[in-house]
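Enquirer: If you scroll down you'll find the structure; I have some questions about it.
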Amino acid sequence: MAYQIPEEMIEEVRKSNDIVDVIGEYVQLKKQGKNFVGLCPFHGEKTPSFSVTQDKQIFHCFGCGKGGNVVTFMMEMEKFSFIEAITHLAERCGINLPITSSQNEFTISQESQNILTAYDWLTKLYHHLLRYTRDGKEGYQYLIERGINDHAIDEFQLGFATTAKSFTAEFLKKKGFNQALLVKEGLLSLQNDNSVTDRFRGRIIFPIRNHLGKTVAFGGRLLADGGPKYLNSPESELFQKGKILYNFDLAKKHIRKENEVILFEGYMDVIAAYQAGIKNVVATLGTALTETQAKLLKRYVDTVVVCYDGDKAGLEATYKAVRLLQSVGCQVKIANLKEGLDPDSYIKLNGGEAFQNKVLDTSETYLSFYMRYLKKDYNLHVEGDRIDYIEKVIREISTVNSLVEREYYLKDLHNEFNISMESLTEEVEIQRRRYKDQSRNKDNSSGYSHNNRANIQHNNKKLLPAYQNAERKLLAYMLQDELIAEKVQEDLGARFNLDMHKIIATHLYAFYEEGHKADVSLFIERLKEPELQKLASEIAMYPTLENISDQEISDYIRIIKVQNDDYVHIQTLKEEQRLAEQQSDPLKAAQIAMQIIEIKKQSKRTN
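Just so you know, we're using full-length UniProt numbering here: the sequence shown kicks off at 1 and counts up by one.
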């Protein structure tokens with residue numbers, strides 16, 4: 001049976017979700033005039049071309065052309081169906097929807113839907129066992145001893161899976177889940193005797209949620225001996241470790257507020273920091289940071305503070321993470337964590353305030369960290385090692401554009417190794433010239449320079465003819481004023497010159513005739529074709545005057561009509577020209593061609 005949601009409820013959901021807030025959970029938006037701008041999440045770009053307007057509740061990317069309202073954004077961003085987008089937005093603002101739906105209305109498989117539901121049930125079960133039962137006392141005591149309080153346990157929905165072999169399997173069986181599917185997806189384990197047991201029995205449970213707050217996997221920490229200490233759910237359609245960051249769903253709003261994210265290596269680091277009031281924190285899931293995760297962070301924030309363990313392995317992991325984050329355009333700082341400590345331990349020993357003031361606030365720049373990182377590979381008492389180290393540091397310093405920053409780090413080398421500033425500065429300039437030459441040669445070998453690329457892009461964006469501008473501006477006013485639309489309908493109807501403009505105008509007339517008030521966001525939602533939605537959102541972004549005169553509207557209509565009449569006249573003349581050629585009358589055909597040229601010239605002068 002198809003879903004049936006009353007139109008007024010869909011409207012309530014849309015109006016209850018401010019588009020700036022929703023898109024702000026995916027894109028780092030900055031205020032620019034009346035609008036908000038950011039890097040488009042739908043295509044790669046370095047210069048923001050993605051615009052969101054709060055008063056019209058729409059978005060449009062002037063780079064790739066995508067546009068629409070809050071519902072279409074969720075459909076594009078999450079690959080949701082319409083019903084999934086409405087359901088998600090309704091949950092987000094606490095609206096209960098009366099939905100009866102069929103499988104073809106969902107974009108994930110029926111199996112994955114069932115697994116999501118199973119994870120949801122188990123998250124609640126394991127949490128209940130930990131907090132309120134004798135079976136969970138061992139797990140609860142462990143967390144308390146680790147310094148995790150009840151509020152944090154509840155916030156992160158931490159749980160405990162009992163050692164009873166069949167408890168979880170029986171629980172899920174009673175809920176109607178298929179055991180073979182649960183084994184396949186790794187919630188249950190099949191034993192050699194064909195019995196089915198809980199994969200995570202005897203473990204502290206850390207629910208792993210996706211960015212929408214849905215549990216898609218578990219991390220388990222064994223309390224007794226007899227198996228791997230840490231165990232994650234296997235990867236699936238719902239869960240890929242390299243794409244998810246622990247706590248990202250809760251941290252998003254704090255990341256936006258602080259304009260900075262702190263990156264840890266483990267669950268306990270995140271929970272300890274969050275409990276201490278530092279909430280813009282996420283962690284990788286037991287693996288090295290991936291490019292996908294780095295790009296995800298870049299989309300939300302410019303600055304990442306890397307806070308890995310202070311031991312040798314942590315130092316290596318920090319270096320790799322920092323280089324990856326820099327490669328996707330992040331500004332990176334490295335937390336000043338003493339050797340031998342991890343963030344969780346530091347917070348337990350010294351408290352959250354000391355962690356903020358002495359570890360995070362004193363974070364190193366990349367170059368300071370790099371110089372410290374590099375030293376571990378050299379014996380600086382040996383002349384050859386010392387020279388090699390200095391040369392590598394100089395090469396890194398030469399990549400810095402800021403003259404002040406370059407001089408700052410060169411002074412460090414000057415003071416530490418007693419090399420003159422003149423020599424150091426000259427060597428940096430040599431390295432910078434070498435780098436520029438390599439870049440220039442690379443551009444030349446590709447056939448054109450950065451400037452040429454810019455010119456090509458600029459030339460591709462040709463100015464529209466006057467009549468097309470008139471049509472778009474007229475439609476922009478029609479979208480925001482019902483009375484202007486009525487006037488245009490009377491004077492022009494659907495006689496726009498471009499077919500896409502005709503279709504939008506026709507839909508708009510029908511929209512107003514149905515009794516709707518001017519509402520760009522709702523109108524775009526009613527346009528089912530993606531190309532129409534893109535064009536309508538682009539037109540709606542056109543700057544308009546608050547009080548446009550009737551004469552200006554009439555001028556737009558006149559320009560459109562002139563082009564329209566000229567087009568009809570030209571088509572008639574072309575038909576006459578074809579007949580003259582068929583009748584072997586080249587003189588008449590030439591005369592008609594001259595008439596066509598003259599009409600086109602006159603049209604250009606009029607426009």
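Don't be surprised by glycine CBs; every beta carbon is placed ideally from N, CA and C.
Can the beta-carbon of Y267 be found closer than 7 Å to that of Y246?
Expert: Working through the sequence shown from its first residue, we reach residue 267 at position 267. Working through the sequence shown from its first residue, we reach residue 246 at position 246. A contact, by the Cβ cut-off of 7 Å.
Enquirer: Please classify S16: does DSSP put it in a helix, a strand, or coil?
Expert: By 1-based counting over the sequence shown, the position of residue 16 is 16. Here S16 sits in helix by DSSP.
Enquirer: DSSP puts A283 in a beta bridge; with which residues?
Expert: The count along the sequence shown starts at 1 and reaches residue 283 at position 283. In the DSSP output, where bridge partners are listed per residue, A283 has Y246 and F264.
Enquirer: Under 8 Å by Cβ, that's how I've got F73 and V22 pegged, so tell me the actual separation to the nearest angstrom.
Expert: The residue given as residue 73 occupies position 73 in the sequence shown. The residue given as residue 22 occupies position 22 in the sequence shown. 7 Å between Cβ atoms; contact.
Enquirer: Considering only their Cβ atoms, is the gap separating F160 from G139 smaller than 7 Å?
Expert: Within the sequence shown, residue 139 is the residue found at index 139, counting from 1. Within the sequence shown, residue 160 is the residue found at index 160, counting from 1. For G139 and F160, yes; Cβs fall inside 7 Å.
Enquirer: Between the C-alpha atoms of L238 and G213, what's the straight-line distance to the nearest angstrom?
Expert: As a working mapping, residue 238 is identified with position 238 in the sequence shown. As a working mapping, residue 213 is identified with position 213 in the sequence shown. When rounded, the distance between both Cα atoms is 13 Å.
Enquirer: Please specify which runs of the beta strand (DSSP E), each continuous and at least 3 residues long, are wholly inside the region 272-356, giving them in chain order.
Expert: Secondary structure remark: continuous beta strand (DSSP E) runs of at least 3 residues inside the region 272-356, in chain order: 281-283, 303-306 and 331-334.
Enquirer: With burial defined as no fewer than 16 other Cβ atoms inside 10 Å of the residue's Cβ, what is the status of M541: buried or exposed?
Expert: As a first step, residue 541 is located in the sequence shown; it is residue number 541 there, counting from the start. Under this definition M541 is a buried residue.
Enquirer: Using only alpha-carbon positions, find the residue among D342, L296, T292 and K333 that is nearest to A313.
Expert: By 1-based counting over the sequence shown, the position of residue 313 is 313. Among D342, L296, T292 and K333, the Cα nearest to that of A313 belongs to D342.
Enquirer: Helix, strand or coil for A217? Go by DSSP, reduced to three states.
Expert: Here residue 217 corresponds to residue number 217 of the sequence shown, with the count starting at 1. DSSP places A217 in strand when its eight states are reduced to three.
Enquirer: Let me make sure I understand the geometry here. Which of E486, N379 and S112 has the alpha-carbon closest to that of A518?
Expert: Counting from one through the sequence shown, the residue named residue 518 turns up at place 518. Here the closest residue by C-alpha is E486.
Enquirer: Let me know if N232 comes out buried or exposed under the rule of 16 or more other beta-carbons within 10 Å of its beta-carbon.
Expert: Here residue 232 refers to the residue found at position 232 of the sequence shown. The residue is buried, with at least 16 neighbouring Cβ atoms inside 10 Å.
Enquirer: Tell me, which residues are paired with D198 by DSSP?
Expert: Your numbering for residue 198 matches position 198 in the sequence shown. Residue pairing by DSSP places D198 opposite L188 in a beta bridge.
Enquirer: Please report whether the beta-carbon of K320 lies at a distance below 7 Å from any beta-carbon of chain D.
Expert: Chain labels in this structure do not include chain D; a single protein chain is all it has.
Enquirer: Can you grab the Cα-Cα spacing for the pair L181 / S112, in whole Å?
Expert: By one-based count along the sequence shown, residue 181 stands at place 181. By one-based count along the sequence shown, residue 112 stands at place 112. Distance between the alpha carbons of L181 and S112: 10 Å.
Enquirer: Evaluate H127 with the Cβ neighbour count: other Cβ atoms within 10 Å of its Cβ, from every protein chain shown; 16 or more gives buried, anything less gives exposed.
Expert: Counted from its first residue, the sequence shown places residue 127 at position 127. It counts as buried.
Enquirer: Beta-carbon within less than 7 Å of V20's beta-carbon, same chain only, minus the 5 sequence neighbours each way: which residues are those?
Expert: Taking the sequence shown and counting its residues from 1, one reaches residue 20 at position 20. L29, F36, V52 and Q54.
Enquirer: Assess, as a yes-or-no matter, whether the region 327-342 is touched by the region 355-373 under the definition of 3 or more beta carbon pairs within less than 8 Å.
Expert: yes
Enquirer: Go through its chain and collect everything with a Cβ distance to R432's Cβ below 7 Å, but skip five positions before and after it.
Expert: For the purposes of this step, residue 432 is taken as the residue at position 432 of the sequence shown. For R432, where only same-chain residues beyond five positions count, the Cβ hits under 7 Å are S398.
Enquirer: If you count every other CB in all the chains shown that lies within 10 Å of the CB of L508, and 16 or more means buried, which is it?
Expert: Taking the sequence shown and counting its residues from 1, the one referred to as residue 508 is at position 508. By the neighbour-count criterion, in which 16 or more other beta carbons inside 10 Å mark a residue as buried, L508 falls on the buried side.
Enquirer: Quick one: Cα of E12 to Cα of F62, how far?
Expert: Walking along the sequence shown from the start, residue 12 turns up at place 12. Walking along the sequence shown from the start, residue 62 turns up at place 62. E12 and F62: Cα-Cα distance of roughly 29 Å.
Enquirer: Who are V52's beta bridge partners in DSSP?
Expert: Residue 52 sits at position 52 when you count from the first residue of the sequence shown. V52 pairs with F36 and F59.
Enquirer: CA-CA distance, Q591 and I597?
Expert: Here residue 591 corresponds to residue number 591 of the sequence shown, with the count starting at 1. Here residue 597 corresponds to residue number 597 of the sequence shown, with the count starting at 1. Per the coordinates, the alpha-carbon of Q591 lies some 10 Å from the alpha-carbon of I597.
Enquirer: Buried or exposed: where does D550 fall if 16 or more other Cβ atoms within 10 Å of its Cβ makes it buried?
Expert: Position 550 of the sequence shown, counting from 1, holds the residue named residue 550. So D550 counts as exposed.
Enquirer: Please report the Cβ distance between F156 and I271, rounded to the nearest whole angstrom; I am assuming they are in contact, meaning their Cβ atoms lie under 8 Å.
Expert: Here residue 156 corresponds to residue number 156 of the sequence shown, with the count starting at 1. Here residue 271 corresponds to residue number 271 of the sequence shown, with the count starting at 1. About 6 Å separates the Cβ atoms of F156 and I271, confirming a contact at the 8 Å cut-off.
Enquirer: By DSSP's criteria, L403 is part of a beta bridge. Which residues make up the other side?
Expert: Position 403 of the sequence shown, counted from the first residue, corresponds to residue 403. Answer is none; L403 lacks a bridge partner.
Enquirer: With H, G and I counted as helix, E and B as strand and the rest as coil, what does DSSP make of F73?
Expert: By 1-based counting over the sequence shown, the position of residue 73 is 73. In the structure shown, F73 sits in a helix (DSSP, three-state: H, G or I).
Enquirer: Can you have a look at T133 and say buried or exposed, based on whether 16 or more other CB atoms are within 10 angstroms of its CB?
Expert: Here residue 133 corresponds to residue number 133 of the sequence shown, with the count starting at 1. Exposed, since its Cβ has fewer than 16 Cβ neighbours within 10 Å.
Enquirer: Thinking just about the alpha-carbon of each residue, which of K253, Q275, C40 and R14 is nearest to the one in M77?
Expert: Start at 1 with the first residue of the sequence shown, and residue 77 comes out as number 77. Looking at the Cα atoms, C40 is the closest of the given residues.
Enquirer: Determine the DSSP secondary structure at N232, reduced to helix, strand or coil.
Expert: The count along the sequence shown starts at 1 and reaches residue 232 at position 232. Note: N232 maps to strand in three-state DSSP.
Enquirer: Between which two residues does the beta strand (DSSP E) harbouring A161 extend?
Expert: Against the sequence shown, residue 161 aligns to sequence position 161. Run containing A161: G159 to A161, per the beta strand (DSSP E) assignment.
Enquirer: Whole angstroms is fine: what's the gap from E25's alpha carbon to S554's?
Expert: Locating residue 25 in the sequence shown gives position 25, counting from the first residue. Locating residue 554 in the sequence shown gives position 554, counting from the first residue. In a straight line, the C-alpha of E25 is about 43 Å away from that of S554.
Enquirer: Give the single residue among D198, K31, A354 and A317 whose Cα lies nearest to the Cα of F171.
Expert: Reading the sequence shown from its first residue, position 171 is the one you call residue 171. With distances taken between Cα atoms, F171 lies closest to D198.
Enquirer: Output the distance between the C-alpha atoms of V520 and A510, rounded to the nearest integer angstrom.
Expert: Counted from its first residue, the sequence shown places residue 520 at position 520. Counted from its first residue, the sequence shown places residue 510 at position 510. Each residue's alpha carbon lies about 14 Å from the other.
Enquirer: Taking only three categories from DSSP, how would you classify K124?
Expert: Walking along the sequence shown from the start, residue 124 turns up at place 124. In this structure, K124 counts as helix in the three-state DSSP scheme.
Enquirer: Is DSSP giving residue 608 helix, strand or coil here?
Expert: It is not possible to answer for residue 608, since the shown part of the chain is limited to 1 through 607.
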